[in-house]
Structures are given as C-alpha cells and as structure tokens.
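Asker:
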Amino acid sequence: MINSSQNIDSKTYQQMRAYVIDHIDAEEALKMSLKALETTLSVLVNDVATEFKLFLNGFEQRSLVREIADDMVRLGPIQPLMDDPEVSDVLINGIDQVLIERKGKLEKTHYRFRDYNHLLNLAQRIASAVGRRVDESSPMVDARLSDGSRVNIVIPPLSLNGICISIRKFTREIMDFEVYQSLGCLTGEMAEFLKLSARARLNILVSGGTGAGKTTLLNALSQHISPDERILTIEDAAELRLDQSFLVRLETRPASVEGTGEVTQRDLVRNALRMRPDRIILGEVRGAEAFDMLQAMNTGHDGSLSTIHANSPEDALLRLENMLNMGAQSMSSSLIRRQLASALDLLIQIERDIHGQRRITNVSEICPSDDFGVVCRDLFFYHRSRGGGEFRRTDHIPDFAQKMLAAGVHEQYLEVLNIAIN
C-alpha cells in the first residue's frame, strides 16, 4: 500500500488523497468506466505530487490511483479480495479485522480500514445502492451487490465490535456433478441418480448447515431441467444461476424505513402459482411459505426444488413440519405430515466438515410411516470410520418408477440403483 511507503509519511499521504478527492466530481466519477476514472485520477495524482514536491514511482502512483478508485466506486480496501476467485466469503469485524473463507476455511488477512468513518462510508454506499440506509435507527441491512454477492451489515449499537459486514460472494462458475465427483463430494452412481431425479421432476429438498453448499448443489441439479420448461425462481437474494430460456426470477423486498412495501417469499410463492410455472425453485424455505410450496407440489407442480437450513435429514423434516404448522394453523399434525410425505420425493443432505471438505452425506426418499408420520429412507449415505469414510448404497428401493417412466429414463434409473427388472 502506498501509505506504507518510506517516501510519504501518513499525514502527507492523507493530504494528497484528500486533494485528489476534492478535485473530482463524485457523481461524474460514478458514471465513468473504471479505466476512464483511473486515467482521470492519474492526472490528478501527478498534479498533487508536483504541488507537494514529491517523487512518486510508478508503483506508488498506481497504488494511490487504485485505492482512491476503489474507495469511490468499488469496495475500498477489500476489493482485491472480491476479485480473488478462490475467496468465497469476506467478513469484516470492525476496522482492523478482515477475514476470508478460502476452500472452506477461515483466514485472517492484512487488509484493514483507515478509521471508523472509512468503514461506515462503505457500509452506507452498499446500503444506498439498494435504496436502503444504515444508521442508528436502522442498524441492520441485507443487500445485494451489483455482481450478485449477498451482504449483511450490522452497526453499533447492535454490534459491539464496531461495524460488521458479511459478504457471501456470488460465483459465476457453476459446479456440475462431474466436478462434485472429482472433489470427492459423491460417487458417480450418486451423481447419475441425482441427474435422473432432476430430469424426472422429483420434488427435491436440499438440506445443510451454513456454508455447506446448498445453493451450489441446487444450481447443479437445475442443469438437468429440460430447456423447454418454464421455471420461476424465488429468493431473498438472487444467487441461483440457471441458463434455461424460459426463466422468471423473483426476489423479495424488505419493508421500507417507514415499515411499508414488504414483499415476502410467501407472497411470491402464491403469486408464482398464477404465472403458469412448470417448476418453482425456492432458494431457501424459512417460514410459512413452506405450506404454499408444498401445496404447489401437491397440485401439479412436480419438479420443484428448494433448500433448508438443517444439520441432518431428521432435523430437516422436523424444521419443515414446524414451518408447515406456521402456514396451516387449522390442520392437524398428522395431516401435515401426510401432506409432507406425499409432496416431497427426495431429500439430499450436504455437509462441510471441519477440514472444509464438502460432501453429500445422505440421499433419502421421503416416505409416510406406519404411524401417520414421515420418515427418510436412505438410498445412499456416507459411512464414517476411523480411517475416513466411504459412500454406500442401501438396499432400499424407492417408489419413483412412475415419474422415471414418464420422463423416459426408467431403464437408466433401474441400472443406476441396480434394481432387478421383473
């Protein structure tokens, strides 16, 4: 960084930086391309260096220009982290602690902010870009960057660490099942079965903990949806990457500062049913919208996909049942369980272990139980042992034959699961 150069003391550096910013129109800067802005800033940096009678070498000049440009129109000192394709999360805990997640593990970086106002300015620019504000009266904000990355901001007095910003980067690369297999996340047999399940319009729920890779897996499944189907996606923050031609993307809207104008996932699910969808993909089910989603699955919208935050298949079903109770207060628990068992076909559990390794631990059929409940019956599971673990196929035969026949993939289905033909 230029302010650590032996040629320029910190006070002089700040004066130079202030001079440059004072001599450029901030609104005009926002309209410029990054290259044009850096060219303009470079001229100003030359001018200020002459005025201060300082010699800046090429590296120092480029560093100052890049830092000012990043502060004005990008994400300040963390921009290099946003540009790094290996970084999946950027976590700011006050002005002097910036963490990243790389390959599933947290790392502390050397990046920091100059002072509280420097970080506050970044938080306010992010919030204002989506028509929100962040201050003491509105100290929590969810936002989305122009590249699709998801941002959460918490400021004092709620945060005792100072301003905290959490960024989940939006990746433009879509993992397919071949990549999953090469990384040891699943076997080839499991990959083929999941491809067939998406093609055959099974209703699929992906379950996992924070950062396990639920949305990434949902993207992989979506690649095997027929291109002639009309798909509606519903998300709090748009993260899904679908390439189908007949795609409609819907996104929730938070309430304004005055508390009006909120559009929830439940509102969007209900409206989606009036838009003639072939499939509905709900980014993450969190509340009462679960009831409307299952109603859709039970009324002809097969092939719907969603995710849920849970650490095991059993936990996922329990959480989903609680959400259904929120949306259908007049229905008995046994009726809710029966509806859940009839609507959902498949549950996929994905995890990230302490070493950052992601893997699919369970692929399970969701079935009604004898006591009018609902259970998960594993088709594949990850068996742990002292030496590590291995993926195994159970002897359970699922009841997916009719959907596989309708999709024209019945023979492949029998072969993948090693089911004898009667």
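To convert, take the position in the sequence shown, counting from 1, and add 228; that gives the working numbering.
C-beta atoms are modelled at their ideal positions from N, C-alpha and C, and glycine is treated no differently.
These numbers come from a predicted model, not from an experiment.
Under the assumption that Glu549 contacts Leu574 (Cβ atoms under 8 Å), give the Cβ distance between them as a whole number of angstroms.
Answerer: Contact flag wrong, Cβ pair sits at about 17 Å.
Asker: I'd like to confirm the pairing. Which residues does DSSP put opposite Leu575 in its beta bridges?
Answerer: Leu433 and Ser592
Asker: Pull up the CB-CB distance for Ile381 and Ala351, whole angstroms please, since I reckon it's below 8 Å.
Answerer: Between Ala351 and Ile381 the Cβ distance is about 5 Å, and since that is below 8 Å, they are a contact.
Asker: With the cut-off set at 8 Å, would you say Ala448 and Phe405 are in Cβ contact?
Answerer: If you check the CB distance, Ala448 and Phe405 come in under 8 Å.
Asker: Can the beta-carbon of Ile462 be found less than 8 Å from the beta-carbon of Leu510?
Answerer: yes
Asker: Answer yes or no: do Arg580 and Gly437 have a C-beta to C-beta separation smaller than 8 Å?
Answerer: Result yes, Cβ atoms of Arg580 and Gly437 sit closer than 8 Å.
Asker: For Met632 versus His624, is the C-beta spacing smaller than 8 Å?
Answerer: no
Asker: Exposed or buried, which one is Asp520 when buried takes at least 16 other CB atoms within 10 Å?
Answerer: buried
Asker: Between the alpha carbons of Gly322 and Arg360, how many angstroms are there, rounded?
Answerer: Looking at the two C-alpha atoms, the distance is approximately 21 Å.
Asker: Considering only the alpha carbon of each residue, which of Met244, Lys333, Ser377 and Arg494 lies closest to Leu303?
Answerer: Ser377
Asker: Mark Asn431 as exposed unless 16 or more other C-beta atoms lie within 10 angstroms of its C-beta, in which case mark it buried.
Answerer: buried
Asker: Tell me which residue opens and which closes the beta strand (DSSP E) that Ser534 is part of.
Answerer: Leu533 to His537
Asker: Does the distance from the C-beta atom of Leu470 to that of Ser450 stay below 8 Å?
Answerer: The Cβ atoms of Leu470 and Ser450 lie closer than 8 Å to each other.
Asker: Determine, for Leu422, whether the minimum Cβ-Cβ distance to residues of chain D falls below 8 Å.
Answerer: The structure shown has no chain D; it contains just one protein chain.
Asker: If you check the beta carbons only, do Leu433 and Ala544 fall under 8 Å apart?
Answerer: In contact: Leu433 and Ala544 (Cβ atoms closer than 8 Å).
Asker: Which residues in the same chain have their Cβ closer than 7 Å to the Cβ of Gly416, if we skip the five residues on either side of it in sequence?
Answerer: Excluding its 5 nearest sequence neighbours in each direction, Gly416 has C-beta neighbours in its own chain below 7 Å: Gln409, listed in chain order.
Asker: According to DSSP, is Val271 part of a helix, a strand, or is it coil?
Answerer: helix
Asker: Would you call the region 330 to 341 in contact with the region 262 to 271, where contact means no fewer than 3 C-beta pairs closer than 8 Å?
Answerer: no
Asker: In angstroms, rounded to a whole number, what distance separates the CA positions of Met229 and Arg498?
Answerer: Residue confidence is low: Met229 scores 42 on pLDDT, short of 50, so the model does not pin down where it sits. No coordinate-derived value is stated.
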